[in-house]
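In the working numbering, the protein residues as written are -2 to 101.
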């Protein structure tokens, strides 16, 4: 058992600070994303489920633009290109399966 407050945040991109929790087959990331920062278009083998806790995040997923606001959730299938731009400061939870070994 861990307390989220005891997990150090890792900056994976400018303005993207994540607290990572890893299981054997999945990862959960609690993000603080600063306004005006971008995750450029990318894709990965992992299925990703994104939940917006606070703020507004503009995402392009599979070529379609979405305005993700507090309370919205989106499933991003494996290998689907996606990007994100923080319109405001955001708190986001991402689930990944399989586990994100590159975030360990």
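Quick reminder that beta carbons are idealized off the backbone N, C-alpha and C, glycines included.
Rounded distance between the beta-carbons of residue j and residue i, thought under 8 angstroms
i	j	result
residue 16	residue 4	4 angstroms
residue 53	residue 66	5 angstroms
DSSP bridge partner residues for residue i (one or two, in chain order)
i	result
residue 75	Bridge partners of residue 75: none, in fact.
residue -1	Residue -1 is not bridged to any residue.
residue 47	71 and 91
Terminal residues of the beta strand (DSSP E) in which residue i lies
i	result
residue 37	35 to 39
residue 98	Run containing residue 98: none; DSSP gives neither H nor E here.
residue 15	13 to 19
residue 66	61 to 66
residue 25	24 to 30
Length of the line joining the Cα atoms of residue i and residue j
i	j	result
residue 59	residue 96	22 angstroms
residue 49	residue 93	15 angstroms
residue 40	residue 57	12 angstroms
residue 64	residue -1	32 angstroms
residue 10	residue 36	7 angstroms
residue 87	residue 42	25 angstroms
residue 6	residue 14	6 angstroms
residue 100	residue 91	12 angstroms
residue 82	residue 98	24 angstroms
The segment 62 to 75 touching the segment 22 to 29, judged by at least three CB pairs closer than 8 angstroms: no
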